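Novice: So the mapping is simple: this note's numbering equals the position in the sequence shown, first residue as 1, plus 363.
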Amino acid sequence: MDENKTSNNEEKKIIFSGVQPSGNLTLGNYLGAIKNWVELQKDYSCIYAMMDLHTITVRQTPADVRRRTFEVLALYLASGIDPKESVLFIQSQNPNHAELGWVLDCYTYMGELQRMTQFKDKSAKHAENINAGLFTYPVLMAADILLYQADYVPVGKDQMQHIEICRDIAQRFNALYGDVFTIPEGLLSKTGAKIMSLQEPQSKMSKSDPNPKAYISMMDDMNVIAKKIKGAVTDSEGVIEYREGDPAKAGVNNLLNIMSAVTGKNVNDIAADYSGKGYGDFKSDVADAVVECIRPIREEYDRIIKDKEYLMQICRDGAEKARYLSSRTMRKVYKKVGFVQL
Ligand code: TYM
364 MDENKTSNNE EKKIIFSGVQ PSGNLTLGNY LGAIKNWVEL QKDYSCIYAM MDLHTITVRQ
424 TPADVRRRTF EVLALYLASG IDPKESVLFI QSQNPNHAEL GWVLDCYTYM GELQRMTQFK
484 DKSAKHAENI NAGLFTYPVL MAADILLYQA DYVPVGKDQM QHIEICRDIA QRFNALYGDV
544 FTIPEGLLSK TGAKIMSLQE PQSKMSKSDP NPKAYISMMD DMNVIAKKIK GAVTDSEGVI
604 EYREGDPAKA GVNNLLNIMS AVTGKNVNDI AADYSGKGYG DFKSDVADAV VECIRPIREE
664 YDRIIKDKEY LMQICRDGAE KARYLSSRTM RKVYKKVGFV QL
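(1) Please return the same chain residues whose Cβ sits closer than 6 Å to the Cβ of PHE452, not counting the five positions on each side in sequence.
(2) Determine the contact status of ALA650 and ILE592, defining contact as a CB-CB distance below 9 Å.
(3) Here's a check: name, in chain order, each residue in its chain whose Cβ is nearer than 7 Å to the Cβ of TYR511, leaving out the five neighbours to either side.
(4) Name the DSSP beta bridge partners of PRO517, please?
(5) In terms of residues, what are the limits of the alpha helix (DSSP H) holding LEU394?
(6) Quick check on the DSSP output: the beta strand (DSSP E) that includes LEU451 runs from which residue to which?
(7) Quick check: GLN534 and ALA613, are their CB atoms within less than 9 Å of each other?
(8) If you draw a straight line from the C-alpha of LEU619 to the C-alpha of TYR664, how long is it?
(9) Cβ-heavy atom distance between ILE677 and the ligand TYM below 8 Å?
(10) What three-state label does DSSP hand SER486 in the structure shown?
(11) Using the three-state DSSP reduction, which class does GLY608 fall into: helix, strand or coil?
(12) Does the separation of the CB atoms of VAL654 and MET585 fall below 9 Å?
(13) Output the boundary residues of the alpha helix (DSSP H) element that contains CYS529.
(14) What residues match up with VAL382 in a beta bridge as DSSP calls it?
(15) My assumption, with CB atoms under 8 Å, is that SER442 sits in contact with TYR393. Please give the rounded CB distance.
(16) Which residues does DSSP list as the beta-bridge partners of LYS567?
(17) Quick check: the Cα distance between ALA513 and LYS699, rounded to an integer number of angstroms?
(18) Between the alpha carbons of PRO384 and ILE668, how many angstroms are there, rounded?
(19) Is it right to say PRO517 is buried, meaning 16 or more other beta carbons lie within 10 angstroms of its own, or is it exposed?
(20) Under the rule that 16 or more other beta-carbon atoms within 10 Å means buried, what is MET364, buried or exposed?
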């Protein structure tokens, strides 16, 4: 095995990804990320985390962060992530993330961080709290990925800029010190990579949207989910057609993408099924399809979330594995930059 690679399975490539426990997870999080993670378990060595260190870049209620960390884990499990196959852990339980984050801070330029769209958006939204952590957020994210020598990072489109900067940082470090980090690639799902708001389909569906009608929470009741989809903003044209990039069709495109992501059918084939039909029929079928997708996950979630001891045990086992897997990278990095090894 390559000296530089940290792997828990020599043949399989490594996947790393995670979600922040900062709000109720949305259909966007599920279709853009978690749904793919489940499939990737078959062919890759997967590591999935609850990214709590990232959440405090924005003010949080501590009890909510704690509760949501377990909720996110229960949702991973209910979606089909198998703790025997994949490593599941809480980011803050592995101190190597913060340690590597600091080292990489010293190899990242202010100018690159200033260009990050998420930083610009979040600092506009939280003008009273533009903290240094919000600014260096992408560096911590790079550390998350590089610690495990991940080959692929399955995320939604909004995170691709962060994957790019992670690659730049890794390449810069490797150019100085040799082949220390694997250069990761982002993996996008075909149709779920950018699920849009149901009320303003030009913007991303987000768990922090102040209008709950704009997003579907994985925690919503089934009748609420159906109602939100039936109330989704479309247009007055009355034609069900997929026209990518046409702002007038943003609402219909989004519903077609959602339908495609939950059924696996192509967007144009779905649109063809509705030729001559109205938005009412279409929305009602999208609502049914989404409810049928979420219902079994919710049933499983409701069962798992009650078993705190089971969840704790997964976190304990996962943290131990994560520390072990990342310690090799950490030792190597410290050695390369000149820190004394005792
Ligand atoms: P977060 O918690 O905002 O979102 C988790 C995942 O869900 C995807 N996503 C979406 N996909 C499609 N449509 C949407 N509307 C939508 N909204 C969210 C996100 O792209 C993401 O894949 N910075 C990350 C967390 C993180 C991370 C990492 C991810 C920290 N370190 C290392 C991967 C690797 C974030 O805030 O995701």
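Idealized CB from N, CA, C, for every residue including glycine. All figures in this text were calculated on a predicted structure; none of them were measured in a lab.
Specialist: Straight from the coordinates:
(1) Closer than 6 Å at Cβ, skipping near neighbours: ALA412, GLY681, ALA682, ALA685.
(2) Judged by beta-carbon spacing, ILE592 lies within the 9 Å limit of ALA650, meaning their Cβ atoms are closer than that value.
(3) Around TYR511: THR369, ILE377, PHE379, ILE410, LEU688, SER689.
(4) Bridge partners of PRO517: LEU550.
(5) LEU394 -> no alpha helix (DSSP H), and no H or E assigned at all.
(6) Looking at the DSSP string, the run of the beta strand (DSSP E) that includes LEU451 is 450-453.
(7) Not a contact, by the Cβ cut-off of 9 Å.
(8) The alpha-carbon atoms of LEU619 and TYR664 are separated by roughly 27 Å.
(9) It does not: the Cβ of ILE677 is nowhere closer than 8 Å to a heavy atom of the ligand TYM.
(10) Helix.
(11) In the three-state reduction of the DSSP assignment, GLY608 falls in the coil class.
(12) Closer than 9 Å, so yes.
(13) CYS529 -> alpha helix (DSSP H) spans 523-540.
(14) Looking at the DSSP assignment, VAL382 forms a beta bridge with MET413.
(15) Yes, they are in contact, since the Cβ atoms of SER442 and TYR393 sit about 7 Å apart, within 8 Å.
(16) LYS567 is bridged by DSSP to MET559.
(17) Pairing ALA513 with LYS699, the inter-Cα distance amounts to about 20 Å.
(18) If you draw a straight line from the Cα of PRO384 to the Cα of ILE668, it comes to about 15 Å.
(19) Note on PRO517: 16 or more other CB atoms within 10 angstroms of its CB, so buried under the neighbour-count rule.
(20) Confidence is the limiting factor: at MET364 the pLDDT is only 36, short of 50, which leaves the residue's position unreliable, though a coordinate-based value still follows. Counting the other CB atoms within 10 Å of its CB gives MET364 a total below 16, which places it among the exposed residues.
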